[in-house]
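In what follows, a single structure is set out as structure tokens and then discussed.
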Amino acid sequence: MITDARAFQQEFVPQELYHRDGEIDALTSTLQPLADGVAGGDAFIFGPSGTGKTTLARHVVELLQRENLTLTSTYLNAMSNSSRADAFRALANDAGVANDLRRDGTPASAFADRLREIDGQVIAIVDEVHVLDDYRTLQSLWEMRNLTLLMVCLDEDRLFAEFDGQLQSRFGSARTIRLDRYSIEEMTAILRGRVKAGLQPGVIRDDTLRYIADLAAGDARRGIALLRASVEHAVDDERDEITADVVEAAKESARGAVRQSRVRRLGTDKRLLYEIIRDAGDLDGGTLHARYEDRAQDPVARGTRRKYLARLEEYDLIASEGNGRGKTYAYPHQ
């Protein structure tokens, strides 16, 4: 049944992106100078979860690297590495220029220097940019003459409202790409591409793909997770075909897979906050902060914690009710 399991991984970057031609052209034109060995224009990709922001970014960077062998790409997911030191370390390590530097005890400036010393241009994808602890990290990256920023974020208005005047000035003229949720037809085409890349012909009919697309409600991450879970369910049951009843049986597994993929990306303090809420089921804010401070090795400030909690809620990992001292938190997946 399966010819290439990689096609069902969220991180898989297909050779062709469906229904994003205009966005690919716009982003490529902004970054095209990189293919010629000079700095490109910084850019943002905004859109709801599951609209293909990261896939679009990676796809365009791969296209540019085909034209310039000296172009270095690097990737940071701020859900995993949101502090200044962790961000620079992750970017330098992903670029392959800091493998000899120790994680502990090495200052952020040492990792930043390695990025500056790269021979040739660098394109840095900063995913979940709104989760960074300190947006001055972006200012430091912007000041690197050999580095172009491609930033991925959910909400444009909220991000710029959190920027100070200097950052608004720096990035106010950056290219902005806005992605909307996929229609059922567009989602079906995306799933069809994954099936073509990863399954034998005839395993799943187009009406079943459309059913998955309808359930995904415009979210490609959910659609791909449901397709993968359906494939796994069919293999386990020794089925020759993936039908609507197989998809129905795989729904809960797919929801859990999406949730766990988000949990795996959480940095230490975000994960600790999540685990405290998950284990408690529900609790008030004061108890949450007390338990966090008791368990964290190096507790972050309350303001940073509140930012982390807001991001966890954005991704449906936790829920909250109320405001101020009366705010309570709950785990919504019991």
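Start counting the sequence shown at 1071; every next residue gets the next number (this note's numbering).
Glycine included, C-beta positions come from ideal geometry on N, C-alpha and C.
Since the model is a prediction, treat every value here as computed from it, not as a measurement.
Cβ pair residue i, residue j closer than 7 Å
i     : j     : result
L1104 : L1134 : yes
T1142 : I1195 : no
V1222 : T1144 : no
L1297 : L1249 : no
A1327 : Y1088 : no
A1286 : A1320 : no
I1388 : Y1399 : yes
D1197 : N1163 : no
N1216 : V1192 : yes
A1244 : D1156 : no
G1117 : R1291 : no
V1130 : L1097 : yes
F1158 : A1127 : no
T1218 : F1114 : no
R1381 : V1201 : yes
M1071 : V1333 : no
Cα-Cα separation between residue i and residue j, rounded to whole angstroms
i     : j     : result
N1138 : Q1236 : 32 Å
S1331 : S1150 : 12 Å
L1220 : D1289 : 22 Å
T1278 : R1309 : 15 Å
P1402 : R1136 : 44 Å
L1353 : D1225 : 28 Å
G1293 : V1083 : 15 Å
G1355 : R1395 : 7 Å
Y1281 : G1122 : 20 Å
T1207 : R1154 : 6 Å
E1081 : T1338 : 22 Å
L1342 : G1373 : 16 Å
R1325 : D1386 : 11 Å
E1255 : G1263 : 13 Å
K1397 : S1390 : 7 Å
A1109 : W1212 : 11 Å
E1345 : D1203 : 20 Å
K1266 : E1311 : 15 Å
A1182 : G1242 : 24 Å
Q1102 : G1190 : 15 Å
R1251 : G1175 : 43 Å
M1214 : R1184 : 11 Å
H1303 : T1313 : 11 Å
A1283 : A1360 : 43 Å
A1092 : S1253 : The residue you asked about is not Ala; residue 1092 is Gly in the sequence shown. One C-alpha to the other measures close to 16 Å.
D1368 : S1323 : 35 Å
T1357 : L1161 : 35 Å
Y1205 : I1347 : 27 Å
Element boundaries [alpha helix (DSSP H), containing residue i]
i     : result
S1099 : 1091–1101
D1354 : It is not in any alpha helix (DSSP H) - D1354 instead sits in the beta strand (DSSP E) that spans 1352–1354.
A1258 : The sequence given here places Thr at residue 1258; Ala does not occur at that position. Start and end: 1254–1268.
A1155 : 1154–1164
R1240 : 1235–1241
Counted within 10 angstroms of its Cβ, other Cβ atoms place residue i as buried (16 or more) or exposed
i     : result
T1073 : exposed
R1090 : buried
V1305 : exposed
A1295 : buried
R1275 : exposed
V1317 : buried
A1231 : exposed
S1152 : buried
Q1031 : Any question about residue 1031 goes unanswered here, given that the chain covers just 1071 to 1404.
T1100 : buried
T1140 : exposed
D1364 : exposed
G1107 : exposed
G1268 : buried
A1075 : exposed
R1376 : exposed
Segment limits, beta strand (DSSP E) that includes residue i
i     : result
E1391 : 1389–1391
A1380 : Not the beta strand (DSSP E): A1380 falls in the alpha helix (DSSP H), residues 1372–1384.
T1246 : 1245–1248
T1176 : Run containing T1176: none; DSSP gives neither H nor E here.
T1398 : 1398–1400
CB contact check: residue i to chain C, cutoff 7 Å
i     : result
R1376 : As a matter of chain content, chain C is missing from the structure shown, which is built from one protein chain.
Any non-hydrogen atom of the ligand SAH closer than 6 Å to residue i Cβ
i     : result
V1199 : Inclusion of the ligand SAH in the displayed structure is not the case, the ligand content being empty and no account of it being possible.
Entirely enclosed alpha helix (DSSP H) segments - the segment 1105–1152, minimum 4 residues: With a minimum length of 4 residues, the continuous alpha helix (DSSP H) runs that stay inside the segment 1105–1152 are 1123–1137.
Tell me the start and end of each unbroken beta strand (DSSP E) in the segment 1182–1226 that is at least 3 residues and wholly inside, in chain order. Counting only runs of 3 or more, we get 1192–1197, 1217–1223.
If you scan the segment 1270–1322 from start to end, which runs of the alpha helix (DSSP H) of 4 or more residues do you find wholly inside it? If one requires a minimum length of 4 residues, the alpha helix (DSSP H) runs lying completely within the segment 1270–1322 are 1276–1286, 1290–1306, in chain order.
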